Each structure stands twice: as C-alpha cells, then as structure tokens.
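Going by UniProt numbering, the residue at position 288 of the sequence shown is 288; the numbering climbs one at a time, nothing skipped. Idealized CB from N, CA, C, for every residue including glycine. Bear in mind that the values here come from a model prediction, so they are computed numbers and not experimental data. Accompanying notes for the structure given below.
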Amino acid sequence: MTLVQLRNAVTISGLDDRALRVRAVEAASTYDDDMLTMITHAYMTVASRKGARTSRRTLEAYALAVKDYVRWAEQSGVSVLRPGRRDGGRYVAHLQTRPSRGRGRCGPLSAATAAQYVAGARALYRALSWAGATDAHPFQDAHVAPDPTPGIVKNPPYLHEVDQVLAHCDARLAALLLLCAHAGLRVSEALAVTTADLHGSSLTVRGKGGRVRRVPLGRRVREALGAAPPVTADGRLFDWKYAQATYRMRKAFRAAGHAEAWRGFHAARKHSGTRLYQATRDFTRVGLFLGHASVDTTRRYVAVQDNDVAGEVEFF
C-alpha cells in the first residue's frame, strides 16, 4: 500500500454524501477493486472503531482481501451491490477449497488466512453501507471454521536455532534477532526502534493499537544494540523494510544449516514468550511483556511441555 492510496482514501472521506455514493456505486458496478479498496480504507480511517489509528498492516491485509473478493465476485457473476443471501457462504467455501497463492506455499489456505479475507470482505460491505451504496450484508451468517491445530503446534518457537543463527549474523542483524527472540518484540516494532526509545536497560515500544509498553532488555540485547549504531539522522537502528529483513534473516538461517527451520520472525517472539513462561509460570506477566491485550493471546505464544504437570499430579 502506497502513501498515494492513503491520500486518496483521505480525499474520498471528504466527499459529500451524494458524491461518495456515486463513487461507491460506480466502483461496485464496474468491479473497480482499486476504488473499492480506497473506499474501504476511507471508512476504516474515519468511521471504524479504531479510526485513524488503524494499523497500516491491517489496511494492507484488508486491501488484499477486498481485491480477492471483488475478483471472485466478477468471475462468479455476483453483484457486489446486490449479492445473493448465500453468496457470502459461497465465497467462504471458495476460500476453504482454493490453493494458496503465496510464494513457495502449496495446499489450501490456512483457516487464519481465510478468516482474514472474510474480515476484509465484511469491512468492504460496512464501507459500502457507510457510503450509502448498499445495505447488503452477505457475510452476516458466513463463518470460517477454526483450525483445530493450535498455532503453537503449527508454528512452534525457535529453540536452539537462535544461538546457532546468531553466529552467522552481522551486528545489526543480530540486534534484530535478539530484539524479537529475547525482548519479545514484533518485527515491525523492532524495525522501528530508535535511539530515543532506549533508556539504559529498558526500551519504550509502540505496539499494536497505539499501545505503549516498557520492555526490559537483557545483557545480550543491550550489548547487541550497543554494537549497532543508528543508520539515520533521526536515530533509527534499522533502515530495512520487512522483506529486506526477512531476506537477510533467511540467509543467516541457511548459513547456520537451518534453512528448513525458518518460520518467520514470529517464531522468535514465541521463543521469548516460552522462555519467560518457563521462568515465571505466569501467563499474565508474559502477556504484559509481549504487549498482548488478552492472556488468551499469550497462551498461543507459549509452548508448554506435555508433561508440564506430571510432578504435581503424581501424588493426587
């Protein structure tokens, strides 16, 4: 998603009611996915619950969802403005049976990805209603069945890989890996770190939803950050985009002999959550450390041994 798209979305939100409705009706009638995406972004930044604080990553994910749904509707002969009452369910079935189009991936879409596409399509219809173009809600009764396999099983935390990969990282890449694997940061949070965020043995992190937290930094993280001076005038420690950081980290995993183990940066964040839980046995403290709004989310980040309570039940 470009800044131009964001500016266009702001412009659209400033149209009067009649002009906005005309734009929305025309875009829906011609399956103009670019305009429908901008109308959805305008709605999300002006009228949704989070408003202008909606994250760029959410907007990008919903843009993909809107484009996918509009493409499917056009190919399936479905009117965007007047879909049939079963068309939402038909799209869900399409998502659950179509192959993944991700680079290097095969098999059907994951339940989480399908749910994200449906969430984006729902946002599209809320936006069209906001624009006065339609009152249709084809996804009101459409649901994506959850994946019965826990996320921590499908994408477990890195274990011994972290230390072995560090040996193949330069100073800046090592700092990024430790920010995720020891300080528990999301990769987007880590890439945004500046020298102004560092306060001795702690770090101020601005996370999802605009939430701010103070994260303690262990000795190894502090040393790694000290070896990575800022790369920009405003004190940023990294000038990489996500794809650039992923390319470098994947290369380090490959050099360490763990090419098949690479599962993205989130597995490093789970590494920190799992280690902290093993030390504290307290999901609440781990959740605060990771910046989770709910402890239920934290449980999906912690790998618990199958025999974790064996000693406790031995003498029941």
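Residue 184 to residue 144 span [Cα, whole Å]: The sequence position of residue 184 within the sequence shown is 184, counting from 1. The sequence position of residue 144 within the sequence shown is 144, counting from 1. One C-alpha to the other measures close to 30 Å.
Spatial distance of residue 150 from residue 302 (CA atoms): One-based indexing of the sequence shown puts residue 150 at position 150. One-based indexing of the sequence shown puts residue 302 at position 302. Spanning the two alpha carbons is a distance of roughly 11 Å.
Own chain partners of residue 44 with C-beta closer than 6 Å, once the 5 adjacent residues on each side are dropped: By 1-based counting over the sequence shown, the position of residue 44 is 44. These residues qualify, in order along the chain: 54.
The ligand GTP heavy atom lying under 7 Å from the CB of residue 46: The ligand GTP is not part of the structure shown, which contains no ligands of any sort.
Of the residues 47, 26, 265, 127, the one placed nearest residue 63, counting alpha carbons only: Locating residue 63 in the sequence shown gives position 63, where the first residue counts as 1. Nearest option by C-alpha distance: 127.
Inter-residue CB distance, residue 238 and residue 191 (contact presumed, cutoff 8 Å): If you number the sequence shown from 1, residue 238 lands on position 238. If you number the sequence shown from 1, residue 191 lands on position 191. Right, their Cβ atoms sit about 5 Å apart.
Residues near residue 129 by beta carbon distance below 7 Å, same chain, minus five either side: Here residue 129 refers to the residue found at position 129 of the sequence shown. Only 135 meet the Cβ criterion.
Runs of beta strand (DSSP E) lying entirely within the region 12-55, each at least 3 residues, in chain order: none
Boundaries of the alpha helix (DSSP H) in which residue 92 is found, first to last residue: Working through the sequence shown from its first residue, we reach residue 92 at position 92. First-last of the alpha helix (DSSP H) with residue 92: 87-97.
Closest residue to residue 153 among 120, 220, 117, 300 (Cα-Cα distance): Against the sequence shown, residue 153 aligns to sequence position 153. Residue 153 has its Cα closest to that of 300, out of 120, 220, 117, 300.
Residue 286 to residue 314 span [Cα, whole Å]: For the purposes of this step, residue 286 is taken as the residue at position 286 of the sequence shown. For the purposes of this step, residue 314 is taken as the residue at position 314 of the sequence shown. Those two C-alpha atoms are separated by around 27 Å.
4 or more residues per run - each alpha helix (DSSP H) lying fully within the region 284-315: 295-299, 310-313
Where residue 236 sits in the DSSP three-state scheme: Sequence index remark: in the sequence shown, residue 236 carries index 236 (1-based). Three-state result, residue 236: strand.
Contacting residues, own chain, Cβ-Cβ under 6 Å from residue 166 (five flanking each side not counted): As a working mapping, residue 166 is identified with position 166 in the sequence shown. These residues qualify, in order along the chain: 174.
Beta bridge counterpart(s) of residue 212 as assigned by DSSP: On the sequence shown, position 212 is the one that residue 212 refers to. Partner(s): 206.
Cβ-based neighbour list, residue 95, same chain, cut-off 6 Å, excluding 5 preceding and 5 following: Counting from 1 along the sequence shown, the entry for residue 95 is found at position 95. The residues are 109, 114, 117.
Residue 199 - DSSP class collapsed to helix/strand/coil: In the sequence shown, residue 199 corresponds to position 199, counting from 1. Strand at residue 199.
Helix, strand or coil at residue 280 according to DSSP, with G and I counted as helix: In the sequence shown, the residue the question calls residue 280 occupies position 280. Correct three-state label for residue 280: helix.
Best match in 47, 255, 31, 198 for proximity to residue 78 [C-alpha to C-alpha]: Locating residue 78 in the sequence shown gives position 78, where the first residue counts as 1. Looking at the Cα atoms, 31 is the closest of the given residues.
The region 200-215 contacting the region 247-267, beta-carbon criterion three pairs below 8 Å: no
Burial state of residue 189 (16 or more Cβ within 10 Å): As a first step, residue 189 must be located in the sequence shown, where it is residue number 189. Buried: at least 16 other Cβ atoms inside 10 Å.
Same chain, Cβ closer than 7 Å to residue 3, neighbours up to 5 away in sequence not counted: Here residue 3 corresponds to residue number 3 of the sequence shown, with the count starting at 1. Any answer about residue 3 is weak, because its pLDDT of 47 lies below 50 and its placement is not dependable; what the coordinates show is given next. Same-chain partners within the cutoff: there are none.
Spatial neighbours of residue 215 in its chain, beta-carbon cut-off 6 Å, leaving aside the 5 residues before and after: Counted from its first residue, the sequence shown places residue 215 at position 215. These residues qualify, in order along the chain: 183, 203, 205.
Spatially closest choice to residue 291 from 278, 308, 310, 270, by CA coordinates: Here residue 291 corresponds to residue number 291 of the sequence shown, with the count starting at 1. That would be 270, whose Cα lies nearest to the Cα of residue 291.
From 162, 225, 310, residue whose alpha carbon lies closest to that of residue 255: For the purposes of this step, residue 255 is identified with residue 255 of the sequence shown, where counting begins at 1. It is 162 whose Cα lies nearest to the Cα of residue 255.
Rounded C-alpha distance that separates residue 29 from residue 40: For the purposes of this step, residue 29 is taken as the residue at position 29 of the sequence shown. For the purposes of this step, residue 40 is taken as the residue at position 40 of the sequence shown. Those two C-alpha atoms are separated by around 16 Å.
Boundaries of the alpha helix (DSSP H) in which residue 188 is found, first to last residue: In the sequence shown, counting from the first residue as 1, residue 188 sits at position 188. First-last of the alpha helix (DSSP H) with residue 188: 187-191.
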